[in-house]
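Reading through the structure tokens given below for one structure.
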Amino acid sequence: MNYPLVTKIIETKNENNRIKTIKFENNKKITPGQFYMIWIPGVDEIPMSVSYIDKNIIGITFKKIGEATNALFNLKKGDKIGARGPYGTGFKLNGKKILFVGGGTGVAMLAPVIEEAIKKKLNLKVIIGAKTKNELFFEKRIKETGAELFISTDDGTYGTKGFTTDIAEDIIKKNHFDLILTCGPELMMKKLMDISKDIDFQASLERFMKCGFGICGQCCIGDGIRVCTEGPIFNEKTLKKIQDFGIFKRDASGKKIKF
Ligand SMILES: Cc1cc2nc3c(=O)[nH]c(=O)nc-3n(C[C@H](O)[C@H](O)[C@H](O)COP(=O)(O)OP(=O)(O)OC[C@H]3O[C@@H](n4cnc5c(N)ncnc54)[C@H](O)[C@@H]3O)c2cc1C
Ligand code: FES
Numbered sequence: 203m204n205y206p207l208v209t210k211i212i213e214t215k216n217e218n219n220r221i222k223t224i225k226f227e228n229n230k231k232i233t234p235g236q237f238y239m240i241w242i243p244g245v246d247e248i249p250m251s252v253s254y255i256d257k258n259i260i261g262i263t264f265k266k267i268g269e270a271t272n273a274l275f276n277l278k279k280g281d282k283i284g285a286r287g288p289y290g291t292g293f294k295l296n297g298k299k300i301l302f303v304g305g306g307t308g309v310a311m312l313a314p315v316i317e318e319a320i321k322k323k324l325n326l327k328v329i330i331g332a333k334t335k336n337e338l339f340f341e342k343r344i345k346e347t348g349a350e351l352f353i354s355t356d357d358g359t360y361g362t363k364g365f366t367t368d369i370a371e372d373i374i375k376k377n378h379f380d381l382i383l384t385c386g387p388e389l390m391m392k393k394l395m396d397i398s399k400d401i402d403f404q405a406s407l408e409r410f411m412k413c414g415f416g417i418c419g420q421c422c423i424g425d426g427i428r429v430c431t432e433g434p435i436f437n438e439k440t441l442k443k444i445q446d447f448g449i450f451k452r453d454a455s456g457k458k459i460k461f
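Numbered by my numbering, the letters in the sequence shown go through residues 203 to 461 in order.
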């Protein structure tokens, strides 16, 4: 599990100009929310959540931002990558009425847990958001599940103008939820946790990762909680104890970076 399995890309799909899905074979059991360390030969190894879970095929969906994701974006069907994992904790669908809130690339890893919730016949509402219309993705995929979908863009080019948290605040006032699941910018997730008050809450955190399986300490938050092993999914009880949540993360050298 801690050595990369070298595998061929069997399918790619451009979700928009900057977001792409890559699929490869997998024979391991995966819980939505878990991630792989993806090795791009000659470039880097980076963490990526699983965005598609099929019988023996999985997918990752990512935005090109730097060297590794640009190189990954340029790969084609038949090219080789390495995949170590799956690592970390998954979402727990504890409840019947669930609100899903995804912002930016966070929508990618929420999609498989939305599909699982639909299979379990749970009652769900989904909010997805992006800065602008061209950056949205997975709208069709989520609509096809039958989930009630709300969309926001910061600039109002599609859906409701504003943030996912604006829609969430309104929906939470008018409905009862047992659970809120979220992935996206940390400031969005922090605000959502504040809005959610007594509702059970699970959020997926991103921190700089090197080993991905708990030995290097690079991804530690709070009092030594390893995001790669104890997370990346955390519930509100743990999040409320983590002083870093919504305040700062650390870069590769350990230097604090404010959100
Ligand atoms: C558990 C987890 C799951 C993730 N899932 C996804 C996903 O599904 N889709 C997606 O688009 N992105 C995901 N990311 C973020 C992704 O790993 C980074 O965007 C990527 O590593 C950037 O690398 P780069 O070389 O292209 O960019 P760089 O220019 O090197 O970095 C840009 C930013 O990306 C982050 N980053 C860089 N390297 C790492 C690293 N080794 N570990 C963590 N963060 C890093 C840092 O914040 C950095 O400032 C995930 C991150 C984590 C921790
Ligand atoms: S990345 Fe090494 S302990 Fe988490």
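Using N, Cα and C, we set each Cβ at its ideal position, and we do this for glycine too.
C-alpha distance - residue i paired with residue j, whole-angstrom precision
i, j, result
"Lys345", "Ile221", "19 Å"
"Lys375", "Glu438", "19 Å"
"Leu274", "Gly424", "32 Å"
"Lys321", "Asp256", "13 Å"
"Ile385", "Ile449", "For the record, residue 385 in the displayed sequence is Cys; it is not Ile. Going by the C-alpha atoms only, they are around 16 Å apart."
"Ala310", "Ile260", "12 Å"
"Ala405", "Leu277", "30 Å"
"Lys210", "Lys333", "33 Å"
"Asn219", "Asn228", "27 Å"
Proximity test, residue i beta-carbon vs ligand 1 heavy atom, cut-off 7 Å
i, result
"Phe237", "yes"
"Gly268", "yes"
"Glu408", "yes"
"Asn272", "yes"
"Lys265", "yes"
"Met390", "no"
"Asp246", "yes"
Residue i, buried or exposed, once every other Cβ within 10 Å from all chains shown has been counted against 16
i, result
"Val303", "buried"
"Phe226", "buried"
"Asp446", "buried"
"Ile267", "exposed"
"Cys418", "exposed"
"Val208", "exposed"
"Ile212", "exposed"
Heavy atom of ligand 2 within 7 Å of residue i beta-carbon
i, result
"Glu321", "At residue 321 the sequence reads Lys, which differs from the Glu that was named. Incorrect: Lys321 has no Cβ contact closer than 7 Å to ligand 2."
"Lys225", "no"
"Val429", "yes"
"Gly416", "yes"
"Lys451", "no"
"Met250", "no"
"Gly426", "no"
"Gln445", "no"
Nearest-angstrom Cβ-Cβ length linking residue i and residue j, presumed shorter than 8 Å
i, j, result
"Thr307", "Lys265", "5 Å"
"Leu295", "Val328", "Not quite, the Cβ-Cβ distance comes to about 14 Å (not below 8 Å), so this is no contact."
"Asp402", "Asp372", "Wrong, their Cβ atoms sit about 20 Å apart, outside the cutoff."
"Gly456", "Cys430", "Actually they are not in contact, since the Cβ atoms of Gly456 and Cys430 sit about 15 Å apart, beyond 8 Å."
Short CB-CB distance (under 8 Å) between residue i and chain D
i, result
"Asp281", "The question asks about chain D, but that chain is absent: this structure has only one protein chain."
- prompt: Which whole runs of the alpha helix (DSSP H) in the stretch 331 to 391 are 4 residues long or more, in chain order?
  reply: As far as the stretch 331 to 391 is concerned, its whole alpha helix (DSSP H) runs of at least 4 residues are 341 to 347 and 366 to 376.
query: Curious, which full-length beta strand (DSSP E) runs of at least 3 residues does the stretch 216 to 255 contain?
result: Correct list: 221 to 227, 237 to 242 and 246 to 251.
field: Uninterrupted alpha helix (DSSP H) stretches inside the stretch 261 to 286 (no shorter than 4 residues)
entry: If we require 4 residues or more, the alpha helix (DSSP H) runs fully inside the stretch 261 to 286 come out as 269 to 275.
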